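Trainee: Numbering (my numbering), first residue to last: 147 to 251. Think of the CB as a built atom: it goes at the ideal place given N, C-alpha and C, for glycine as much as any other residue. All values reported here derive from a predicted model rather than from experimental measurement. Quick one: structure below, then a few questions.
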């Protein structure tokens, strides 16, 4: 089995970030929230796409454009999840409502 480090490294970095957020939340919920919303996933996704496309610029441009369009439903998800949590909904209900809003958005 031959492991392609260029393709697996972004996945490893993503896992490390998730673990970092989990650890940070024990010390500062604010810092964990800031870290969770930092544009960390975007560069990782760009890295994965760029590597997978062998550096094809047009693929990178199209992927960026699609991510820009995807921001709107993500904001809808966050707004609904915030509202549901403030309304006392359980986590599964909050996430479910957020995903419904995301799918519609």
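When the Cα of residue 244 is compared with those of 153, 178 and 228, which residue comes out closest?
Mentor: Of 153, 178 and 228, the residue nearest in Cα terms is 228.
Trainee: For the structure I just gave you, are there three or more beta carbon pairs, one from the segment 194-214 and one from the segment 224-240, closer than 8 Å?
Mentor: Segments in contact, no.
Trainee: If you count every other CB in all the chains shown that lies within 10 Å of the CB of residue 189, and 16 or more means buried, which is it?
Mentor: exposed
Trainee: Can you grab the Cα-Cα spacing for the pair residue 214 / residue 173, in whole Å?
Mentor: 32 Å
Trainee: Look at the alpha carbon of residue 249 and the alpha carbon of residue 219, and state the distance between them as a whole number of angstroms.
Mentor: Going by the C-alpha atoms only, they are around 7 Å apart.
Trainee: For residue 117, does the three-state DSSP call read helix, strand or coil?
Mentor: This structure leaves residue 117 out entirely; the chain is present only between 147 and 251.
Trainee: Just list the alpha helix (DSSP H) runs in the segment 159-243, keeping only unbroken ones of 4 residues or longer that don't cross its boundaries, in chain order.
Mentor: 175-183, 187-198 and 203-232
Trainee: May I have the straight-line CA-CA distance separating residue 162 from residue 247, to the nearest angstrom?
Mentor: Going from the Cα of residue 162 to the Cα of residue 247 covers about 29 Å.
Trainee: What residues in its chain sit with their C-beta under 7 Å from that of residue 251, if we drop five residues either side in the sequence?
Mentor: 218, 219 and 222
Trainee: Using a Cβ-Cβ cut-off of 6 Å (strictly less than) and excluding sequence neighbours within five positions of residue 199, which residues of its own chain qualify?
Mentor: 205
Trainee: Note down, in chain order, each residue of its chain lying with its Cβ closer than 6 Å to the Cβ of residue 194, except the 5 sequence neighbours on either side.
Mentor: Leaving aside the five residues that flank residue 194 on each side, the residues in its chain whose CB is nearer than 6 Å to its CB run, in chain order, 156.
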